[in-house]
Amino acid sequence: MADTNIGDITIDVSLKDVINTITVLNVATPIIIPSEYDIKVASVDQPKKLPRYAWVKNLDKDAQVMLDGDVDPGVDSNYLTIAAGDAIRIPIRSGQNKFYLKGPSTFGIILTDDGASPFKSQSKGGGESVDITPTSLGYVAGAKMFYDGIYNFPPKHATNGNTWVDMVNSQTMSRYTDGSGSGLISSNHYIKQTGIATAMKIPDMIDYDRFTVELFVEITGGTTGENYIISCYDKAGFGIYTENGQLIASIRSEASASYLNIATAFSQKTPYGLAITYDGQAFKFYVNGALVGTKTLSDYKKSTKNTYLGCLGAGDTNYAVGAYNFYRLAAYSKALTAVEIAQNYEKDVKRYVNGEPDFPAEDETEWITSIAENHNNIFRGDDLFAKGYTIDDICAMIADGSFSDIYIGDYFTLSGDIANVPCFVEQTGDDGTKSLVESTRTVTYNTKFRIAGLDTYLNTGDTAFTQHHAVIVPDNAIGNNRMNGTNVTTGGYVGSFMFASVLPVYNAHFDAKLNNHLLTHREILSNSVSGNQTNGWAWTDVKINIMSESEVADGTLFGNKYDTGINSKQFPLLRITPKYICNRGWYWLRSVAWETGFTAMANGGNVRSANSASASVAIRPCFCIG
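Residues 665 to 1290 in the numbering used here are what the sequence shown lists, from first letter to last.
Set out below in structure tokens:
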């Protein structure tokens, strides 16, 4: 489709009515908006230099919009979804402006000089909505740019988006198109840069005579060589980068024709509040609100190039090989004081780390979902892969303890074949007698793997399990097998064929399937039997495991303390939604029922002890990811 050029148009005096409608199909439709217009106001010819903004409202069906006209319009990941009835605001800069629409839908175009904040929060109880600004969020006033990791168009992050919107002037930051990376991934707390050639170009240059630049950022990968977090280097300018285990802030001195550096150590996968200031006499570097060092200079040489997140600078091929989660970026045309730097850092920690809500809830539930612990008590049941997450993304939201878009009952679907699974097969001898002979088989599965609990085992074990985690339970069985080749329980659960031979093969398979996100922790498991009951236990490394009676049915009917150990609490999934306890098939539980058998969940939903150890029963395991 040819470019649609919005030229001479008629607008209402109120600047609120839709003044032009465009119907687009399932193809990228470029929309051109010149920076100057001949406007007819109220049907009277009146030349006027307009507008600062174009509002685009979706009048029909859910559709897509790409705000940055310089990004490849053929890449689906470059688009944001705009729901029917929603509107976004696009800033009009000098020169021609281009954006892209995809339908099928009809859009209304509104041009306005209204500079009201597009970010709104509804007060709790349905009161009047309020503008969300850096100041209203609790940050020091006066920011010239402010990119927030929570609020974005419209007004919070879309999980499939790859742009970042400045809350101060609505400029749009997107992937630096000279690179070949896959673009950016929006989370609900940060913009994620995933390695080489995914740098971001900041629309406005940070070329102030006096300045403050603040970042709240987590370094998630890449430590070799120079890895640029922010920079505008061209034998001028400033930057922050890592090199050989050091976090370095630098500024260009014109007199010395060199960079003055301030360095400190850092750790990966830890959020840092970084701030640099220059007041005309001194360059200062702050980490987590505390001053690291000062360099004295009065001859700062400003850069004439753009400022970038994740690469050296304009026209340079030295992209970051590191990876970053950018929570916030802000710039001021003055040097903030140490007190102001500390104020902004403390606010970052409260918002991005502790998850404190910014305002009274946008609705009556936001305060609930903003608390990580509550995610363990809310059933949602979303398909996480369908939401655009990879297993790495899912585990990142688990590992940081925020569980930001993870709830009980959420799931991802996996299918595959587990090769060489040890088993016993029935064999008939020449004399007609039947016996079980050890062999191997391939187990084929295709089922939903569901979030059953969050941080269920946190701080348990003889060695404390300190990693944030989610317990996963599949909806359906992953094959059938026997607890032992004969009807014995000698050695308890640890001594069983199931634990010693079968589950290690499952461990290896799912560790590879889940990109090594399967976590090892310590559980106390039965290891001896006397008569009909276990009488001993030991701390044991566990990855994939058979569930205990208590984890399924909130109590024990046949096992004792040696069978239960630390696994005494019913999984939240099975407590909140008991329908997942019974899947109309038998599956093993790990308690010893008597000398010759283990417990199992029956197909009618009752815990039974009627399974001999050599019976072939379904395996419905559990495991932790993070």
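The C-beta atom is built at its ideal place from N, Cα and C for all residues, glycine as well. Just so you know, these numbers come straight off a predicted model, no measurement behind them.
For Tyr892, the enclosing beta strand (DSSP E) has its first and last residue at Asn891 to Ser895.
As summarised for the region 1085 to 1156, the continuous beta strand (DSSP E) elements at least 3 residues long and confined to that stretch are 1098 to 1118 and 1134 to 1138, given in chain order.
As for any beta strand (DSSP E) of minimum length 3 sitting wholly inside the region 953 to 1024, the runs are 954 to 960 and 987 to 996, ordered along the chain. In the three-state DSSP reduction, Ile773 falls in the strand class (E or B). Between the alpha carbons of Asp898 and Ser914 lies a distance of about 13 angstroms.
Burial is judged here by how many other beta carbons sit within 10 angstroms of a residue's own beta carbon; Gln910 has fewer than 16 and is exposed. Under the 10 Å beta carbon count, Asp1139 is surrounded by fewer than 16 other beta carbons and is classified as exposed. Judged by DSSP in its simplified three-state form, Thr799 adopts coil rather than helix or strand. Nearest to Phe771 by alpha-carbon distance, out of Pro737, Asp1227, Pro694 and Phe1163, is Pro694. Non-local beta-carbon contacts of Tyr942 in its own chain, meaning distances under 7 angstroms to residues more than five positions away in sequence, involve Arg874, Phe875, Ile915, Tyr964 and Ala999 in chain order. In the same chain as Thr1092, and ignoring 5 residues on each side of it, the C-beta atoms closer than 6 angstroms to its own belong to Lys1098, in chain order. The alpha-carbon separation between Glu1010 and Tyr803 amounts to approximately 10 angstroms.
Within the same chain, Cβ atoms closer than 8 angstroms to the Cβ of Thr799 are found at Ala805, the five residues on either side in sequence being excluded. Linking Tyr1053 to Ala1060 through their CA atoms gives a straight-line distance of about 10 angstroms. With contacts defined by Cβ atoms closer than 9 angstroms, Ile894 and Tyr972 form a contacting pair. Within the DSSP secondary-structure output, Val729 pairs in a beta bridge with Leu744 and Leu765. The criterion of a C-beta distance shorter than 9 angstroms is not satisfied by Ile883 and Phe949. Judged by DSSP secondary structure, Arg1248 falls outside any alpha helix (DSSP H); it is assigned neither H nor E. As computed with DSSP, Tyr936 is found in a beta bridge with Val881.
Counting along the chain, the unbroken beta strand (DSSP E) around Asn1191 starts and ends at His1185 to Ser1194. For Asn1267, the closest alpha carbon among the candidates Val1281, Asn1247 and Gln728 is that of Asn1247. Collapsing the DSSP output to three states places Tyr1053 in coil. Arg1254 is positioned such that its CB atom lies closer than 9 angstroms to that of Phe1163. If you draw a straight line from the Cα of Asp1227 to the Cα of Thr1127, it comes to about 20 angstroms.
One thing to note: Thr1260 has its Cβ within 9 angstroms of the Cβ of Asn1151. Ranking Val1166, Asp1069 and Met1147 by CA distance to the CA of Leu1118 puts Asp1069 first. Residue pairing by DSSP puts Ile1082 in a beta bridge opposite Val1107. Bounds of the alpha helix (DSSP H) holding Tyr1226 are Lys1225 to Thr1228.
Scanning its chain for C-beta atoms nearer than 6 angstroms, with the 5 sequence neighbours on each side dropped, one finds around Leu1048 the residues Ile1058, Asp1074 and Phe1076, in chain order. Here the alpha carbon of Tyr872 sits roughly 16 angstroms from the alpha carbon of Glu918. Val729 and Ala1050 have their alpha carbons spaced roughly 20 angstroms apart. Boundaries of the alpha helix (DSSP H) harbouring Asp1175: Leu1167 to Lys1177, taken from the DSSP string. Arg1044 is not bridged by DSSP to any residue. DSSP places Ala1257 within a strand segment (E or B) once states are collapsed to three.
DSSP places Glu907 in the uninterrupted beta strand (DSSP E) bounded by Phe902 to Glu907. The Cβ atoms of Val1137 and Leu993 lie no closer than 9 angstroms to each other.
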